[in-house]
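Undergrad:
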Amino acid sequence: MKSRRSMMFVLLPLLSLAGGAQAATDACVVGTWEPVGNAATDWMQRNAPGMQVAIAQQQGTLEFRGDGSYAAGGSAEATATSASGMSATTRDAQFQAQGSWSTAGGRLTLRPSRESTSGTMKIQVPGGRTLEMPMPRGPAQVQDMQYACSGAELETRMAIRNATPIVQRYRRLR
0 MKSRRSMMFV
10 LLPLLSLAGG
20 AQAATDACVV
30 GTWEPVGNAA
40 TDWMQRNAPG
50 MQVAIAQQQG
60 TLEFRGDGSY
70 AAGGSAEATA
80 TSASGMSATT
90 RDAQFQAQGS
100 WSTAGGRLTL
110 RPSRESTSGT
120 MKIQVPGGRT
130 LEMPMPRGPA
140 QVQDMQYACS
150 GAELETRMAI
160 RNATPIVQRY
170 RRLR
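For the sequence shown, numbering that gives the first Met the number 0 gives the first residue as 0, with consecutive numbering after it.
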């Protein structure tokens, strides 16, 4: 009985270390990707009747590394206009993030360790009043989404409560 108990005290710490091993990563996802289109814009136009979004410029990349880390970055300039005449324009909007990623059961999880945004947003309400402010910032958030990967194409589907999912497609750069 004593030897079983001693064995248990030796095995428990080893088992807990094994459980903390690196999360699974789908080799298909490893690489550098760029978005095809702008899923957030498409989603807004589908789910916010009367909203029109014009993208003046956008660029972005998402790099998934084999060690389970990722880096993302991008920039955009866009204008969103509502049927009521309210508009919001972004200028010099830039985003960067890095952290860890994992896959399991058809889901891709991003755990950012650092995020930053910069740029300005100009909001104009009916009647001509204008407000200019820095791009909104908030704490880094874990993102969990469905995904499908097939060589040169990656697709993510992010669930949005009480609305359709945001579906973003990417093409492999390398």
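Yeah, the Cβ is synthetic: ideal placement off N, Cα and C, and Gly gets one too. It should be emphasised that the depicted structure is a prediction, and the values quoted were computed from it without experimental measurement.
For residue 30, is the classification buried or exposed, using 16 other Cβ atoms within 10 angstroms of its Cβ as the cut-off for buried?
TA: buried
Undergrad: For residue 21, count neighbouring C-beta atoms within 10 Å of its own C-beta (all shown protein chains included) and say buried if the count is 16 or more, exposed if not.
TA: Since pLDDT at residue 21 reaches only 46, below the 50 mark, its modelled position is unreliable, and the value read off the structure follows with that caveat. Flag for residue 21 reads exposed.
Undergrad: Does residue 123 come out as helix, strand or coil in the three-state DSSP assignment?
TA: DSSP places residue 123 in strand when its eight states are reduced to three.
Undergrad: Helix, strand or coil: which one does DSSP assign to residue 45?
TA: Three-state DSSP puts residue 45 in a helix.
Undergrad: List, from N- to C-terminal side, the beta strand (DSSP E) runs of 3 residues or more that fit wholly inside the segment 118-164.
TA: 129-133, 142-149 and 152-157
Undergrad: Which one of 161, 152, 160 and 163 has the shortest CA to CA distance from residue 61?
TA: 152
Undergrad: Can you list, in chain order, the residues of its chain whose CB lies under 7 Å from that of residue 81, leaving out five sequence neighbours each side?
TA: 49 and 50
Undergrad: Would you check if the distance between the CB atom of residue 57 and the CB atom of residue 72 is smaller than 8 Å?
TA: Their beta carbons are not under 8 Å apart, which means residue 57 does not touch residue 72 by this criterion.
Undergrad: Should residue 90 and residue 121 be called a contact, given that it needs their Cβ atoms to be closer than 8 Å?
TA: yes
Undergrad: Can you give the Cα-Cα distance for residue 53 and residue 110, rounded to whole angstroms?
TA: 30 Å
Undergrad: What does the Cβ neighbour count give for residue 141, buried or exposed, with the cut at 16 atoms within 10 Å?
TA: exposed
Undergrad: Following the continuous beta strand (DSSP E) through residue 52, name the residue where it begins and the one where it ends.
TA: 51-63
Undergrad: Just verifying my parser: in three-state terms, what is the DSSP assignment at residue 80?
TA: strand
Undergrad: Taking the continuous beta strand (DSSP E) assigned at residue 102, which residues delimit it?
TA: From DSSP, the beta strand (DSSP E) with residue 102 extends over 86-103.
Undergrad: Spatial neighbours of residue 59 within its chain, please: CB distance less than 6 Å, with the 5 preceding and 5 following residues excluded, ordered by chain position.
TA: 34 and 73
Undergrad: What residue range is occupied by the uninterrupted beta strand (DSSP E) comprising residue 35?
TA: 30-35
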